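Numbering (this note's numbering), first residue to last: 99 to 420.
Backbone N, C-alpha and C fix where the C-beta goes; we use that ideal spot for every residue, glycine too.
Values in this document were obtained by computation on a predicted structure and should not be read as measured data.
Notes follow once the structure below has been shown.
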Ligand code: UDP
Ligand code: MG
């Protein structure tokens, strides 16, 4: 599928689909469209802008609708409530029709100026070109640390490593998008799915600026849930590790028992040890609770998957008939 040297991959009729999930992004919409026009006007490829309103409580959707009356590039998908960014992205990627698809944050943290470079690399034969954050200066220290820990842990446990400091901002060929669409899971941890599908991928470093307007939708608690979603979706090691822990604990218990029996036989003395007994019992009890908790995390998610509910519900679609 790699085009030979000189055979341009971009053909007449190809379009670039931007997929922009939006949750309460009204304040930054004007700036967003201005930047998009300035950055993408000269790319020489038709543009489709898929905006997914993820249950915004401000007037994001009204503004988009007004804009769509005079901007034929706009395609709007309004979800029936807030389904979360992963679901909104899924909705947008499924609605996009372009040969090239680029998910983009609405707050301009993913600089659209980079897309030209993405396309150049795609022309060279890469199917996925992803942005890699050159630094995390626009993040708080706590966020930097937790992100580092997450990528370490994820890539240690998962068979499908995610390049650290990579977000959803990337350019994907149609073939990749079609592969993504075949994945049936309800839990859409997109970064993991992007890694899982494979293809020829390459990273481009960029500096991620702070949000232009509005506020982040992700507090620490939702980031923690998000990390758990990702880990449980792509690794089963936390489930399996308990067999090993159990075997080791049992072994230690046997050794301990032998030591006690030996002490009684040789020394003939009463074994002291209310304190050590309590420690062992409490420690064993805690281990069991942790193991049960891990099981719960997985079973809860399996329950979600088994129900097979759609990932999102659409209230309104605008602009798809032109
Ligand atoms: N977003 C969304 N649904 C949500 C939360 C966020 O569609 O439930 C969108 C949001 O509008 C933005 C993108 O996802 O376009 C990234 O969100 P945000 O900037 O709040 O996250 P951060 O950059 O702080 O990680
Ligand atoms: Mg942001």
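Pick from 121, 240, 261, 255 that is closest to residue 203, judged by C-alpha positions: Closest option to residue 203, Cα to Cα, is 121.
Bounding residues of the alpha helix (DSSP H) (the contiguous stretch that carries residue 165): Taken as a continuous stretch (DSSP letters only), the alpha helix (DSSP H) holding residue 165 covers 158-166.
According to DSSP, residues forming a beta bridge with residue 302: For residue 302, DSSP records a beta bridge to 229.
Residues passing the C-beta test against the ligand UDP heavy atoms, cut-off 6 Å: Taking each Cβ in turn, the ones that pass are 119, 120, 121, 123, 152, 180, 182, 183, 186, 203, 204, 205, 207, 309, 314, 315, 316.
Closest residue to residue 303 among 256, 399, 332, 262 (Cα-Cα distance): Taking only the C-alpha atoms, the option nearest residue 303 is 262.
Chain-order list of residues whose beta-carbon lies under 8 Å from that of residue 406 (same chain, five-residue window excluded): Here the set comprises 284.
Assigned secondary structure, residue 120 (DSSP; H/G/I helix, E/B strand, else coil): Looking at residue 120 - three-state DSSP - the assignment turns out to be strand.
Cβ shell of residue 337 (< 8 Å), same chain only, five flanking positions each side left out: Its chain contains 392, 393, 396 as the residues whose beta carbon lies nearer than 8 Å to that of residue 337, once the 5 sequence neighbours on both sides are disregarded; these appear in chain order.
Exposed unless 16 or more other CB atoms sit within 10 angstroms - verdict on residue 123: With 16 or more Cβ atoms within 10 Å of its Cβ, residue 123 is classed as buried.
Residue 141 vs residue 113 beta-carbon contact at 8 Å: No.
Chain-order list of residues whose beta-carbon lies under 6 Å from that of residue 216 (same chain, five-residue window excluded): Excluding residues up to 5 positions away in sequence, 227, 269 lie with their Cβ nearer than 6 Å to the Cβ of residue 216 in the same chain.
Where residue 176 falls: helix, strand or coil (DSSP): Three-state DSSP puts residue 176 in a strand.
Best match in 390, 281, 330, 125 for proximity to residue 158 [C-alpha to C-alpha]: Checking every option, the nearest Cα to that of residue 158 belongs to 125.
Contact set for residue 289: own chain, Cβ-Cβ below 6 Å, skip 5 residues either direction: When the five nearest sequence neighbours on each side are left out, the beta carbons in the same chain lying within less than 6 Å of the beta carbon of residue 289 are those of 260, in order along the chain.
Of the residues 219, 186, 185, the one placed nearest residue 198, counting alpha carbons only: When 219, 186, 185 are compared, the shortest CA-CA separation from residue 198 is found for 219.
Residue burial classification, residue 162 (beta-carbon count within 10 angstroms, cutoff 16): Answer is buried; the Cβ neighbour count reaches 16.
The alpha helix (DSSP H) enclosing residue 209, as first and last residue numbers: Per DSSP, residue 209 belongs to no alpha helix (DSSP H) and is neither H nor E.
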